[in-house]
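Novice:
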Amino acid sequence: MTAQRSAVEARLSLADFAPKPAARPGIWSLAQFGRVVTLWLLAFVVLAVATVGARGDANPENSGLWILLGLVGGLLGGAGTTFWLVAGTRAVRQRQQVFATRLAVLSPQLQEHLGVTGEEPVPDDTVVDPGGSTLVRLDQGTLYHRSDCLLVAGKASVVVDAVDSSLTACGVCSP
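Sequential numbering from 66 applies to the sequence shown in my numbering.
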């Protein structure tokens, strides 16, 4: 497995991330585009025939068939649009998988190139409260929170010993 990985790494480099001219201008092939256009044209013809057929008849009993034919035309148009969107989604997903594979192979090289160590630095002003039971409020705040509440994370807060009647409980952390 490592021999295969090193062979792939030898072939790929950071230059593989440079923009390349596309092999074709879009993400749909000509055959897929032809099928979609065929479905849309067929839907247009069916809708036109249904419109002409229902136009001259005032009797609702006779126009029911034309309305049904119009619904079939609408379904054909919807099928064409769905096919177009599914084909585009598949093509984009394939490109994402190729990119993810290249990124996985080049990840060590990219980290070395960018000087990333993989460890996130902890800011000095961060206060870590393992218990999470301390109640705090912001300097001018009207709510009291648990110390691990997301609304006060990273902000200067004051420890509240006894809950004052002028303070209300936070609706997020529910202290």
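Heads up, the beta-carbon is just placed ideally off N, CA and C, and yes, glycines get one too. Every value quoted in this text rests on a predicted model; they were computed, and no experiment measured them.
(1) Give the secondary structure of Asp-190 by DSSP, where H, G and I count as helix, E and B as strand, and everything else as coil.
(2) Quick check: the stretch 105 to 117 against the stretch 134 to 141, are there 3 or more CB pairs under 8 angstroms?
(3) Helix, strand or coil for Leu-203? Go by DSSP, reduced to three states.
(4) Are the CB atoms of Val-237 and Thr-199 nearer to each other than 9 angstroms?
(5) Between the Cα of Val-217 and the Cα atoms of Arg-167, Val-201, Asn-127, Asp-122, which residue gives the shortest distance?
(6) Which of helix, strand or coil does DSSP assign to Ala-123?
(7) Looking at C-alpha atoms only, which residue of Cys-235, Leu-104, Thr-146 is the closest neighbour of Ser-212?
(8) Looking at Thr-154: is its Cβ nearer than 9 angstroms to the Cβ of Trp-105?
(9) Whose C-beta lies closer than 7 angstroms to the C-beta of Leu-203 among residues of the same chain, with five residues either side of it excluded?
Specialist: Taking the coordinates as given:
(1) Any reading at Asp-190 needs caution, since the residue's pLDDT is 44, under 50, leaving its predicted position unreliable; the model's value is listed next. Per DSSP, reduced to three states, the secondary structure at Asp-190 is coil, with no helix or strand assignment.
(2) Touching, per the Cβ criterion.
(3) In this structure, Leu-203 counts as strand in the three-state DSSP scheme.
(4) Going by C-beta atoms, Val-237 is not nearer than 9 angstroms to Thr-199.
(5) Looking at the Cα atoms, Val-201 is the closest of the given residues.
(6) Of the three classes helix, strand and coil, the one that applies to Ala-123 here is coil, per DSSP.
(7) Taking the Cα of Ser-212 as reference, the smallest distance to any Cα among Cys-235, Leu-104, Thr-146 is reached at Cys-235.
(8) At least 9 angstroms separates the beta-carbon of Thr-154 from that of Trp-105.
(9) Taking C-beta separations shorter than 7 angstroms and ignoring five residues to either side along the sequence, the partners of Leu-203 in its chain run Val-217, Lys-220, Ser-222, following chain order.
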